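**Student:** Below: one structure in structure tokens.
Number of protein chains: 2
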Amino acid sequence: MKTAREQCEASNTLKNAGLSQTSHRKRILHILIHADTPLSVSDILRQLDQERKMNKVTVYRILSSFKSEGIIREIPTDHGVNRYEMACQHNPVHPHVYCRICRTMTCMPPITLSQVWDLFAAPSDFRIDNINVSITGLCRTCQRK
Amino acid sequence: MKTAREQCEASNTLKNAGLSQTSHRKRILHILIHADTPLSVSDILRQLDQERKMNKVTVYRILSSFKSEGIIREIPTDHGVNRYEMACQHNPVHPHVYCRICRTMTCMPPITLSQVWDLFAAPSDFRIDNINVSITGLCRTCQRK
DNA sequence: ATCATAAATGCAACAGGGTTGCAAATATTA
DNA sequence: TAATATTTGCAACCCTGTTGCATTTATGAT
Ligand SMILES: [Mn+2]
Ligand SMILES: [Mn+2]
Ligand SMILES: [Zn+2]
Ligand SMILES: [Zn+2]
């Protein structure tokens, strides 16, 4: 019997999703698991390239497969740059605050799915894949400028 | 004394925002006021071009000024294409459902700002400009394919 | 109205995120 | 090991959105 934490590790995550265990996928997953804020593709490429270059097309395709399998969440921003975070048990759906100047994105405490459901009352014939709550504005630092 | 409806008309909106009354701005505002769903720049250009062409840079700049003045809201999507809707009295903040296949965006019933505030508990030192709730998934039609 | 000044628009060129086709490399299975 | 399917890299591309600059249009004072 595995602990919950173990099940969120890279190789288990890939196994549970039915994805083959390539080194590329594990490297990207490792970065996402250890991130404390949602990452853009540029962020991920920058981290990868410190160790060994990876083609950006590969990163996009891997993120796309992770998204299809529900391993990660995609969070759009006002600036047209998507960000990605783990969608595992330890990271339930939650809102984000996003500074439109420095483009810092910060995770907020989670809300329960039932709260979201009650509040937003999505139409019953719409199949929900993803609920994104994004609060854009100015962080404390950027308010001073 | 003007009625509330009159205050949301194009020329009044421009006057209240302190923007000069150019024909370009009025044409775009007219399109947004009569839209029943948030529009992309392509949507707006397509409608404009049926009558008389307008340069896309002009459209972007006008939307940008409208956004700065709080006349319109900008709604990002998973596909990196922003959409725009009026932010007048008759159109309070509300969530949207967005189909990731046909890319249809539909407005949902409004929630009160205090509900959002209580639920998301944004940090007190963050100055909120915009709260966006976006529900992505499949519309009824696209579920059948 | 006339002129001076500021603001708005069009055009071209560009930036950056993201995608597609195809060939080469790697993993999987028999 | 050999055959097959999947993954990766590369180049070229598409699309949204931006920037610089010249031209046009609006504004405001004389
Ligand atoms: Mn988060
Ligand atoms: Mn709406
Ligand atoms: Zn900031
Ligand atoms: Zn659809």
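So the protein sequences, as listed, match chains A and B. First residue of the first sequence? That's 330 in this note's numbering, and the numbers climb one at a time after it. First residue of the second sequence? That's 330 in this note's numbering, and the numbers climb one at a time after it. In this text, a Cβ means the ideal position worked out from N, Cα and C, and glycines have one as well. These numbers come from a predicted model, not from an experiment.
Can you list the residues of chain B that A/Glu403 reaches, using a CB-CB cut of under 8 angstroms?
**Tutor:** If you number the first sequence from 1, residue 403 of chain A lands on position 74. Neighbours of A/Glu403 across chain B, judged by C-beta separation under 8 angstroms: Asp407.
**Student:** Within 10 Å of its beta-carbon, does B/Tyr389 have 16 or more other beta-carbons around it, so buried, or fewer, so exposed?
**Tutor:** In the second sequence, the residue the question calls residue 389 of chain B occupies position 60. Flag for B/Tyr389 reads exposed.
**Student:** How would you call A/Asn461, buried or exposed, if buried means at least 16 neighbouring beta carbons within 10 angstroms?
**Tutor:** Translated into the one-based positions of the first sequence, residue 461 of chain A becomes position 132. Its Cβ being crowded by 16 or more others within 10 Å, A/Asn461 is buried.
**Student:** Does the contact criterion of 3 or more C-beta pairs under 8 angstroms hold for the segment 380 to 400 of chain B versus the segment 409 to 425 of chain B?
**Tutor:** yes
**Student:** Work out the CA separation of A/Glu380 and B/His353 for me, nearest whole Å.
**Tutor:** Position 24 of the second sequence, counted from the first residue, corresponds to residue 353 of chain B. Position 51 of the first sequence, counted from the first residue, corresponds to residue 380 of chain A. If you draw a straight line from the Cα of B/His353 to the Cα of A/Glu380, it is about 51 angstroms long.
**Student:** 8 angstroms is my cut-off, CB to CB: does A/Val386 come that close to chain B?
**Tutor:** As a first step, residue 386 of chain A must be located in the first sequence, where it is residue number 57. False, the Cβ-Cβ gap to chain B never drops below 8 angstroms.
**Student:** 8 angstroms is my cut-off, CB to CB: does B/Cys468 come that close to chain A?
**Tutor:** Walking along the second sequence from the start, residue 468 of chain B turns up at place 139. Answer yes: the Cβ-Cβ gap between B/Cys468 and chain A drops below 8 angstroms somewhere.
**Student:** Taking the alpha carbon of B/Arg456 as the reference point, which residue from A/Arg456, A/Asp454 and A/Cys471 has its own alpha carbon closest?
**Tutor:** Translated into the one-based positions of the second sequence, residue 456 of chain B becomes position 127. The residue with the shortest Cα to Cα distance from B/Arg456 is A/Cys471.
**Student:** Measuring only between beta-carbons, confirm whether B/Arg412 sits less than 8 angstroms from chain A.
**Tutor:** Counting from one through the second sequence, the residue named residue 412 of chain B turns up at place 83. No, its Cβ sits nowhere closer than 8 angstroms to a Cβ of chain A.
**Student:** Buried or exposed, going by whether 16 or more other CB atoms sit within 10 Å of the CB of A/Ile430?
**Tutor:** By one-based count along the first sequence, residue 430 of chain A stands at place 101. Under this definition A/Ile430 is an exposed residue.
**Student:** Considering Cα atoms alone, identify which of A/Ala346, A/Met434, A/Asp454 and A/Pro439 is closest to A/Cys468.
**Tutor:** Locating residue 468 of chain A in the first sequence gives position 139, where the first residue counts as 1. For A/Cys468, the nearest C-alpha among the options comes from A/Met434.
**Student:** Could you tell me the alpha carbon to alpha carbon distance between A/His425 and A/Cys436, rounded to whole angstroms?
**Tutor:** Along the first sequence, read from residue 1 onward, the residue named residue 425 of chain A stands at position 96. Along the first sequence, read from residue 1 onward, the residue named residue 436 of chain A stands at position 107. Spanning the two alpha carbons is a distance of roughly 5 angstroms.
**Student:** Which residues in chain B sit within 9 angstroms of A/Arg432, going by Cβ to Cβ distance?
**Tutor:** As a first step, residue 432 of chain A must be located in the first sequence, where it is residue number 103. Those do not exist, as A/Arg432 stays about 13 angstroms from chain B at its closest Cβ, beyond 9 angstroms.
**Student:** May I have the straight-line CA-CA distance separating A/Leu368 from B/Ser340, to the nearest angstrom?
**Tutor:** Counted from its first residue, the first sequence places residue 368 of chain A at position 39. Counted from its first residue, the second sequence places residue 340 of chain B at position 11. Cα-Cα distance, rounded: 42 angstroms.
**Student:** Have a look at A/Pro421 and A/Pro439 and give me their C-alpha separation to the nearest angstrom.
**Tutor:** The residue you call residue 421 of chain A lines up with position 92 of the first sequence. The residue you call residue 439 of chain A lines up with position 110 of the first sequence. The alpha-carbon atoms of A/Pro421 and A/Pro439 are separated by roughly 6 angstroms.
**Student:** With a Cβ-Cβ cutoff of 8 angstroms, do A/Ile373 and A/Ile357 count as a contact?
**Tutor:** Working through the first sequence from its first residue, we reach residue 373 of chain A at position 44. Working through the first sequence from its first residue, we reach residue 357 of chain A at position 28. Taking 8 angstroms as the cut-off, the beta carbon of A/Ile373 is found closer than this to the beta carbon of A/Ile357.
**Student:** Does B/Gln418 have its Cβ less than 8 angstroms from a Cβ in chain A?
**Tutor:** Along the second sequence, one-based indexing puts residue 418 of chain B at 89. So, not an interface residue.
**Student:** Bridge partners for A/Ile401 per DSSP, in chain order?
**Tutor:** To locate residue 401 of chain A, count along the first sequence from 1; it is residue 72. Answer is A/Met415, bridged to A/Ile401.
**Student:** Compute the Euclidean distance between the alpha carbons of A/Arg334 and A/Ala346, then round it to the nearest angstrom.
**Tutor:** For the purposes of this step, residue 334 of chain A is taken as the residue at position 5 of the first sequence. For the purposes of this step, residue 346 of chain A is taken as the residue at position 17 of the first sequence. Unreliable positioning characterises A/Arg334 in this predicted model, as indicated by a pLDDT of 49, which lies under 50. The coordinate reading is nonetheless provided below. Whole-angstrom Cα-Cα distance: 16 angstroms.
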